[in-house]
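Residue numbers (the numbering used here), protein chains in the order written: chain A, 242 to 832; chain B, 269 to 772.
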Amino acid sequence: MTATEETDALVEPGELPDRDPFPDSPESTDPNEPEWFKTAVFYEVLVRSFKDSNGDGTGDFRGLTEKLDYLQWLGVDCIWLPPFFPSPLRDGGYDVADYTGVLPEVGTVEDFHAFLDAAHERGIRVIIDFVMNHTSDQHPWFQASRSDPEGPYGDFYVWSDTDELYQDARIIFVDTEPSNWTWDPVRQQYFWHRFFAHQPDLNFDNPAVHDAMLDAMRFWLDLGLDGFRLDAVPYLYERPGTNGENLPETHEFLRKVRRIVDEEYPGRVLLAEANQWPADVVDYFGDFAKGGDECHMCFHFPVMPRIFMAVRRESRFPISEILEQTPPIPSGCQWGIFLRNHDELTLEMVTDEDRDYMWEEYAKDPRMKANIGIRRRLAPLLDNDVNQIELFTALLLSLPGSPVLYYGDEIGMGDNIWLGDRDGVRTPMQWSGDRNAGFSSANPGKLDRPLVMDPVYGYQAVNVEAQLEDPSSLLRWTRRMIHARKQHPAFGLGSFTDLGGSNPSVLAYAREHRNPDGSADVIICVNNLSRFPQPVQLDLRRFEGKVPVELVGGVPFPPIGELPYLLTLGGYGFFWFRLIDRVEGREGELL
Amino acid sequence: MTDGATDGAHRGEPREDERGDREADLAAYLLRTRWFGGKGRPFRIGEVREVGEVPGTATADRAVVVTLVEVRYEDEPGGSELYQVPLACYEHPEGRLDHAFVGWWRDPVRGWVHAYDALHDKEAMAGWLHSFDRAAHGPVDADTVLAFHRLPGHQLDVTAHATLFAGEQSNSSVAYGEDSLMKVFRKVTPGVNPDIQIHEVLTNAGSDHVAHLYGWLDAVVEVPGSDGEPEETVIQLAMLQQFLRTATDGWDLALASIRSLFADPEVHATDSGGDFAGESTRLGEAVAEIHGQLAEHFPTEVRGADAARDLARAMTERLERAVAVVPELGEHAQALYAVFARVGELDRLEVQKIHGDLHLGQTLRTAKGWKIVDFEGEPAKPLAERLLPDSRWRDVAGMLRSFDYAPRVVAHSAAAPVGNGDGIQDDPDRLLVQQHQRADEWAHRNRNFFLVAYAGGEPSEEEKVLLDAYVADKAVYETVYEARNRPDWLGIPLAAVARIGGAA
């Protein structure tokens, strides 16, 4: 028996060493494993709120196309567009009435196509939302289904004579919906809806529904679209005795979609919105051995509220813990992370205790709450404290996963909590201090959504034009950080190691990536989550002999030795370092 | 090797003028260390015993020798202590280890050696790690009395480099990469080391609340028995544990919470963003789980009324002695006697294995939850006493006192509170009073959350009697300590004593 075999025997049978949640990701050359999304910076923009080109008060694709230069300048790699399909707009467009059309107010399919080509010319990719689970009740499919149960669409939705079925499925929009069943007086049956009653769920047990959805997806992919964000994927199927989430049939359908993407449209991606715990979300990546055979990306929902909690508590552990509990994902996959988006700051994936805490700390006015979340933008959530906004953005750009920015947060836009539902965080982009913030030439009363006009966040105070003039503005700072990130594949591809450290208010981690040429890209991020200045001693022995160089300014710090590495940070301060080899005996240092 | 005791003065081989004085060098070395407990006392080096060479470390010009140094105190008849000093002995000077130089002397076996504190020597320290690795398959080396033991379940990273941790008070710890940590006990006593004993049991029980034990090092040595004849005994020298990369001291985490509270003077502890109650709850659960496992795997005992009376008497006597030192205790003494008297009326006293010196500084917060460390018991007590079962409420009382100290320590070092600049609210005296209130709120809130989580609800009447008494006893001890060492801080335990007295 060799020594090695003997040593192996020490590990008890069945006990595997812990798997690293965030291993380094080698750069793949497999066309079926497109990698661009792993290093991309995403930017979510609402077409109707970004730029109005024709003065009708609503943003449109031509306006968005005009602003592509701005997004390219900012450093955006991929634009994510929430639904812009024809819709009665009772749920921000997630109530789709035609999967292959464009809402007339925002343009035409030709406008979209021109926008897509213009984005591609600038090296910017585009993904769009795709709502699989349900349609608007105004969709012709539903109208046909309710009026002609025996017709071709009769079985497109989930109909039942009773509202007793699937009682184990929770109600998601608890503020508005008493039940997941609603009576239809036309068909004289109940229909199933996991969200609003005006959004009937499609019946995925019907193969014709599969075909209809796949045809719609092909329509956009044929135009050159780079992928889809799949909305509300956990809820596609219903089965008695289950909570109707994450069912095996749902995964089977996603594998089918993925096969079509891989075979017909290699390089395009699927991003799942599955607001679930990471242990459940990880299933949406699919088979580990195949590098993932469902979605390329999934949002990591719990990490976002944990960032807010950690800063309020001045303790790194809310973040450290959730990352520690994150399961590893297949090699061809990536997490998506975000601070804010068009929805409320969702608190579904926190414990009751943590939710109470978040409400208490971040939603002091009851109007700031929406469903199980907080409807506020980043800047007002952080009391417009630029140090905190920068710290949060630095965390977003450096934690494992691809960052998704929300339009307007790069200039610190505010919200309007007096608008209904989640419209408060969907107000027009503030381009300048001119009329209508430069968003539209329409009569101000005609705007689709009113501008933010309060003295702190109003467009006279917060706008792109002013911040472009100001070299120390949040906008310019954000751009510098995005560009710093883009120079280092470790941010997107690298492993993540929590470095611990003597100070519980300081979150420090290493991102390490092995380049294809064998060289290493090593980034160390040190974040002070406290309002007070803090010292920290870091155990950096694994990097002994290296020299940390601050990433933005390029200033070398003292080399790393065997002893704990001492850093001091200002309140909410942070450092990004890259590690370089120590250069011995430089001129001027020799005796 | 147990007869390795030598006394250079009697060897007589080197000429008087070139003989290194090992005893003088060792004495000077001890005074430079953090962990030597005899500073300020007159002492001389007694027996210097070479326990054995660490297997696999010998080279042509190096020997790594675990040495036990007896320190004899001249201010206490028969008073002596035994210190472990692993030495890396080189034939030639090793410049890289200059900072850890102990001395040079003539060794009877090896000739002239330059001796260094081996814990600073990465190459030498690899020997311990490799020996622990090999110990998984039986005795490492039949020729040495150094016995390396291993627990199953973890494969050591034998390529890891050794680094000595700075700043530790009473022992020395060497990290092997990010894989394992070896704690080298400096002041050693023949017999079982409770830190190893408890870690072994909790590791085997699968506890999530300790750094798992990977192995330990014993030596069998001869010591003079009670009849003066030599007898064999085990001395436990070191233990190897899981390295907790993401750990931070629980005390520091608590202070961060309090600083956050004090920063918003108008905000109550219940509403503070930096609230610690969740952590206190998890800590209470962790301590309860550990106590449960200790009760399961070590002997427990239900003692009778006699034991309760003895405990009450001991507490009462400590109080009597304390009043003599701290006159301010006098006004609360009657109330405290009443607290102790209630213990004397109990008809039973449950005892079990406990931590013995529990406070926030013995807790570590990691990304995987709370860990409890240092199960050596109260350092001031003799080993035999530390091994005895005791009431678990002693541990709980230690934690409660720690929650009480934390906000006062922050108040002590923080700048005077500053108001919002809106007039009457900014009166400095008022702000200070307010900060005191916030400190009280924080301490009260976290004591409660810890206690309720620990006890799984309200403690019973009997448990409260014991807990109150242990808290009072601990606070009385603190008044004496503070009066002697930090008179500025005396107010902290005195306030606790007054509170207990007031409630009694």
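The C-beta atom is built at its ideal place from N, Cα and C for all residues, glycine as well.
Answer with buried or exposed for residue i, where buried requires no fewer than 16 other C-beta atoms within 10 angstroms of its C-beta.
i: Q440/A; result: buried
i: A360/A; result: buried
i: N756/A; result: exposed
i: P275/A; result: buried
i: Q408/A; result: exposed
i: E602/A; result: buried
i: Q775/A; result: buried
i: H537/A; result: buried
i: Q352/B; result: buried
i: G769/B; result: buried
i: D472/A; result: buried
Mapping the DSSP letters down to three states, classify residue i as helix, strand or coil.
i: M538/A; result: strand
i: G624/B; result: coil
i: W277/A; result: helix
i: L835/A; result: Any answer about residue 835/A is impossible in this case: the structure gives chain A only from 242 up to 832.
i: D658/B; result: strand
i: E479/A; result: coil
i: R317/B; result: strand
i: M545/A; result: helix
i: D396/A; result: coil
i: T668/A; result: coil
i: T349/A; result: coil
i: F432/A; result: strand
i: H422/B; result: coil
i: W422/A; result: strand
Can you tell me which residues form a DSSP beta bridge with residue i?
i: T431/B; result: A443/B
i: L820/A; result: P789/A
i: A487/B; result: L414/B, I503/B
i: M458/A; result: DSSP output for M458/A lists no bridge partner at all.
i: G637/B; result: T634/B
i: Y384/B; result: A356/B, F369/B
i: R366/A; result: C319/A
i: S857/A; result: Past the boundaries of the shown model lies residue 857/A; chain A is included only from 242 to 832, so the question cannot be answered.
i: E618/B; result: V570/B
i: T327/B; result: R330/B
Residues in the same chain with beta-carbon distance under 8 Å from residue i, minus the five sequence neighbours each way, listed in chain order, please.
i: L193/A; result: Residue 193/A lies beyond the residue range present for chain A, which begins at 242 and ends at 832; the question has no answer from this structure.
i: Q517/A; result: P475, E486, N487, F542, M590
i: E346/A; result: R289, D297, T299, D301, D689
Given residue i, which residues of its chain have a CB within under 6 Å of its CB, disregarding the five upstream and five downstream residues?
i: L350/B; result: L336, E338, V456
i: D409/B; result: P323
i: Y525/A; result: A513, A515, E535, C536, C539
i: F416/B; result: S399, F400, A403, V408, L485
i: L257/A; result: Because L257/A carries a pLDDT of 37, less than 50, the predicted location of this residue cannot be relied on, and no value is offered for it.
i: L628/B; result: G518, W519, A522, S670
i: L637/A; result: L580, P644
i: W431/B; result: Contrary to the premise, residue 431/B reads as Thr rather than Trp in this sequence. A443, listed in sequence order.
Between residue i and the rest of its own chain, which residues show a CB-CB distance below 7 Å, the 5 nearest in sequence each way excluded?
i: Y722/B; result: G552, V555, A556, V664
i: L716/A; result: E651, I652, V705, Q708, L709
i: T301/B; result: none
i: S386/A; result: Y394, G395, F397, Y398
i: F868/A; result: An answer regarding residue 868/A cannot be provided, because it is not within the stretch 242 to 832 covered by chain A.
i: E418/A; result: I412, F437, A438
i: T325/B; result: V332, A392, G395
### Task
Closer than 8 Å, Cβ to Cβ, to anything on chain A: give me those residues from the region 520-542 of chain B, in chain order.
D520, L521, A524, S525, R527, S528, A531, D539, G541, G542
### Task
Output, in sequence order along the chain, the residues in the region 549-580 of chain A whose CB is closer than 7 Å to any CB in chain B.
R553, R554, E555, S556, F558, S561, E562, E565
### Message
Under 9 Å, CB to CB, which of the residues in the region 632-657 of chain B have a partner in chain A?
### Response
R633, T634, A635, K636, G637
### Query
Can you list, in chain order, the residues of the region 778-801 of chain A whose Cβ is nearer than 9 Å to any Cβ on chain B?
D780, R782, R783, E785
### Task
Output, in sequence order along the chain, the residues in the region 441-459 of chain B whose CB is closer than 9 Å to any CB in chain A.
A443, G445, E446
### Task
Anything in the region 584-601 of chain A with a Cβ closer than 8 Å to a Cβ of chain B? List those residues in chain order, please.
E594, Y598, E601
### Message
So if I threshold CB-CB distances at 9 Å, which residues from the region 732-744 of chain A count as touching chain B?
### Response
T738, D739, L740, G741, G742, S743, N744
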